[in-house]
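**Student:**
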Amino acid sequence: MSSGGPPKAASADERDACIPDTVKNFVFDLHDACRRSQSAVEARNLYVVEYRSLCEKYFSNCAWPSSSGISSECNADPIFLALYGELTTRHYHGTCRTTVADRIDSWSTYRHLFDTLLNLANDPGADTMGGLYVPAEWAFAAVNEFVYQFQAFCQFRTNVVGRKEHEMKVLRENRDAWAVETVMFYLHGLVRIAGLDGEEDAPAATQGHRVFGTYAAVGLSRLECLLGDYTSCLAALKPLRHVMHSIIHPPPLPLENSTGGPPVTPKTAFADPLHGIVPARATVAYHAGVSYLLLRRYRDAARIMSPMAAFLLRGLKNGTLRRLVGSEQLPKLNERMVTLLAILTHICPGCTPCVAEEVRTQIRDRHGETLAKIDAGDEGYEDLFAHACPKFVCPAVPNYDRAPGGAAGASQDASKSAYNLQVRQFISEVTNHGPLRKLRSYLRLYTSIRADKMAAFNDLSVSNLAELLCGYKLKMFQLERKDDADTISPPTLDVVSALEGSVRSALDVTYFVDKDMIHVEEDSKKMRFDEYFLKQIGACNEVLEDIQTIPITI
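Residues 644 to 1197 (the working numbering) are what the sequence shown spells out, left to right.
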């Protein structure tokens, strides 16, 4: 890892002078697995198991040796050194307190890595070793950390209150650091060279480019959501449209896939590159769900978040998912998705059948009181959404040369303006749903009712009631992905993207006005025997687990 100042450089020299033999052997073996043998099993085991063990043993609160310190273990291979630099930088930012210089160094590290990958794809003949294997867990963690550090730096640089002069100097001298256009350039470039849409002229030929391109699409979708561009967030998932079914219908996750699995090859790249990487699938489901929600595509939001939330609930409960790499964020993502689904089912009850039974139980247990208060006229949507939404950012670079007095207040507001703007827009939308929920509750009580009587129930005039009835139908018309797009098996490249859909109604009641009468027909309820039996099986398993904990002596 490059140094940000003299004190850090000295400590790096000390680390390089006394590298344990086990660390040297790890670097040698990792280089061999990624570049020479390209062994999927060995590379995954080294990254998932051995790397974590060494971090806990030697580097729990300090940085790994620098790239120059271990270059002799990999024959100074520039491609591997770029990967190693990312690995150690990510570890340093996760375990040590970083400075503004560290953030700039990290930007240089990621630029060097992605430039190396792009140059290798465009000129494969320059690589004398002729191949690159990167474990999928490593590729996703790298791209995910790249987007996270961009988000963190945007929040850091827009709030200059209390910043020291040397920090302001570094920010002024590095105005182009973590520029949003450069971040997008790298993510789009990685997607392009991966050839995820099956272009014959895609330059990438290695598995490493395939996995980086796959997770670059995931990272790009997340980035667009953080910027508040929800249409682009869904459009960024187009290269992954053939695996969207695995997010909407999560397959079982074998335990062996947490530490191993088959390598991603050109033949299998189209199968399901997200299957074994649960954090990637959860990231897609969450940010796509947020985008669907804020685009008023409520059923699509429920369909993509509910199965993943149910999957995470089961996996976190039995401990299966807690052993996976990158599982630290899964409980938080699950909690956020359950909260968003609580909002969805409340403002659009027609989404309720799309939500799994165990998720509905969580909604009642966690947010039942809050939703009841909202029905009673109290506020509550803002707290729910503020808790569950992403930390939106403003990518604009502030003017650091302004007078400290005026700039400080402006910057302090700017650091939160993007977040507050999205929250205000959402609240302005859901506030209009209060009268609609009241209207729906009365409509469900009748098969036919006089318009003046319904108007009296809602404290409205007949003309205002007519406007409300028309507005309710209009508001519930929304784009919706086709049902068969979620169930195609095996997946093909002809599957519609996350952005496409046809206009449908999300109402769960059908009504029309004939002269002075309102006629209501409630949608027929479908019997869901599977949910009933699954719920009973789960309850039975809990009883069996309790019985097994009872000591029995004979």
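Ideal placement from N, C-alpha and C gives every residue a C-beta, glycine not left out.
All values reported here derive from a predicted model rather than from experimental measurement.
(1) Any contact of the region 825-836 with the region 752-763, i.e. 3+ C-beta pairs under 8 Å?
(2) Can you find the residues in the same chain that come closer than 8 Å, C-beta to C-beta, to Ser1104, ignoring five residues on each side of it along the sequence?
(3) Would Ala1015 be called buried (16 or more neighbouring beta carbons within 10 Å of its own) or exposed?
(4) So is Phe1155 buried or exposed if we call it buried at 16+ other beta carbons inside 10 Å?
(5) Grab the span of the beta strand (DSSP E) containing Thr1157 for me, first residue to last.
(6) Where Ala1031 and Gly851 are concerned, what is the direct C-alpha to C-alpha distance, given to the nearest angstrom?
(7) When burial is assigned at 16 or more other CB atoms within 10 Å of the CB, is Pro882 buried or exposed?
(8) Just the C-alpha distance for Arg1067 and Val1073, rounded to the nearest angstrom, thanks.
(9) Answer yes if the region 1036-1043 comes into contact with the region 1084-1095, meaning at least three C-beta pairs across the two stretches below 8 Å, and no otherwise.
(10) Determine the DSSP secondary structure at Leu839, reduced to helix, strand or coil.
(11) Does the distance from the C-beta atom of Leu973 to that of Met948 stay below 8 Å?
(12) Comparing C-alpha positions only, which one of Cys739, Glu699 and His930 sits nearest to Gly871?
(13) Check whether the Cβ atoms of Ala1149 and Cys991 sit closer than 8 Å, and answer yes or no.
(14) Compare the C-alpha of Glu780 against each of Val691, Ser864, Lys1059 and Ala1094 and name the closest.
(15) What residue from Leu1079, Val813, Asp1189 and Ala879 has the CA that sits closest to Ile747's CA?
(16) Taking all protein chains shown into account, decide if Arg733 is buried (16 or more other Cβ within 10 angstroms of its Cβ) or exposed.
(17) Mapping the DSSP letters down to three states, classify Gln681 as helix, strand or coil.
(18) According to DSSP, is Met624 part of a helix, a strand, or is it coil?
(19) Determine the DSSP secondary structure at Met1160, reduced to helix, strand or coil.
(20) If we call anything under 8 Å between Cβ atoms a contact, is Asn714 one with Leu726?
(21) Grab me the residues of Phe789's own chain with a C-beta within less than 6 Å of its C-beta, minus the 5 sequence neighbours each way, in chain order.
(22) When you compare the CB positions of Ala785 and Glu867, do they come within less than 8 Å of one another, or not?
(23) Closest Cβ-Cβ distance between Arg1147 and chain D: below 8 Å?
(24) Taking C-alpha atoms, which residue in Trp707, Gln798 and Phe796 lies nearest to Lys667?
(25) On the DSSP bridge list, what partners appear for Ile1092?
(26) Tell me the residue span of the beta strand (DSSP E) that contains Ser1148.
(27) Can you say whether Leu937 is buried or exposed, counting buried as having 16 or more other CB atoms within 10 angstroms of its CB?
(28) If contacts are defined as beta-carbon pairs under 8 Å, then Val861 and Ala923 qualify, I think. What distance do you get, rounded to the angstrom?
(29) Specify the secondary structure class of Asn1035 as computed by DSSP and reduced to three states.
(30) Note down the Cα distance separating Ala624 from Lys1158, rounded to an integer number of angstroms.
(31) Between which two residues does the alpha helix (DSSP H) harbouring Glu816 extend?
(32) Taking the alpha carbon of Tyr1217 as the reference point, which residue from Asp766, Ala719, Glu699 and Ala764 has its own alpha carbon closest?
(33) Would a C-beta distance cut-off of 8 Å place Tyr1089 and Val1163 closer than the cut-off?
(34) Round the Cβ separation of Trp750 and Ala820 to the nearest angstrom and send it over; I've been treating them as touching at under 8 Å.
(35) Going by DSSP, what residues sit across from Leu1122 in a beta bridge?
**Tutor:** Reading from the atomic positions:
(1) The region 825-836 makes contact with the region 752-763; the number of CB pairs closer than 8 Å reaches 3 or more.
(2) These residues qualify, in order along the chain: Ala1098.
(3) It counts as exposed.
(4) The residue in question, Phe1155, is exposed, as its Cβ has fewer than 16 Cβ neighbours within 10 Å.
(5) In the sequence as displayed, the identity of residue 1157 is Asp instead of Thr. Element bounds for Asp1157: Val1152 to Asp1157.
(6) Ala1031 and Gly851: Cα-Cα distance of roughly 34 Å.
(7) It is buried - the Cβ of Pro882 has at least 16 other Cβ atoms within 10 Å.
(8) Going from the Cα of Arg1067 to the Cα of Val1073 covers about 10 Å.
(9) The region 1084-1095 vs the region 1036-1043: no contact.
(10) Here Leu839 sits in coil by DSSP.
(11) Not in contact: Leu973 and Met948 (Cβ atoms no closer than 8 Å).
(12) Considering only alpha carbons, the answer is His930.
(13) Between Ala1149 and Cys991, the C-beta spacing is below 8 Å.
(14) For the options Val691, Ser864, Lys1059 and Ala1094, the alpha carbon positioned closest to that of Glu780 is the one of Val691.
(15) It is Val813 whose Cα lies nearest to the Cα of Ile747.
(16) Classification for Arg733: buried.
(17) Correct three-state label for Gln681: coil.
(18) Nothing can be reported for residue 624: it is not among the residues displayed for the chain, which extend from 644 to 1197.
(19) Strand, per DSSP.
(20) Sequence inspection shows Ser at residue 714; the Asn mentioned does not correspond to that position. Annotated as distal: Ser714 and Leu726, with beta-carbon spacing of 8 Å or more.
(21) Take Phe789, set aside five residues on each side of it, and the residues of its chain with a beta-carbon closer than 6 Å to its own are Tyr753, in chain order.
(22) Not in contact: Ala785 and Glu867 (Cβ atoms no closer than 8 Å).
(23) Annotation note: the requested chain D is absent from the structure, which comprises a single protein chain.
(24) Measuring from the Cα of Lys667, the nearest candidate turns out to be Trp707.
(25) Looking at the DSSP output, Ile1092 shares a beta bridge with Ile1161.
(26) Note, Ser1148: beta strand (DSSP E), Ser1145 to Ser1148.
(27) A residue is called buried once 16 or more other Cβ atoms fall within 10 Å of its Cβ, and Leu937 is buried on that count.
(28) The Cβ separation is near 5 Å, so the contact holds.
(29) The sequence given here places Phe at residue 1035; Asn does not occur at that position. Here Phe1035 carries a coil assignment [DSSP, helix/strand/coil].
(30) This structure leaves residue 624 out entirely; the chain is present only between 644 and 1197.
(31) It spans Glu808 to Glu816 - the alpha helix (DSSP H) in which Glu816 sits, taken as one unbroken run.
(32) The displayed coordinates of the chain run from 644 to 1197. Any statement about residue 1217 would go beyond what the structure contains.
(33) Against a cut-off of 8 Å, the Cβ pair of Val1163 and Tyr1089 comes out as a contact.
(34) Rounded to the nearest angstrom, the Cβ distance from Trp750 to Ala820 is 5 Å, consistent with a contact under 8 Å.
(35) Partner(s): Val1146.
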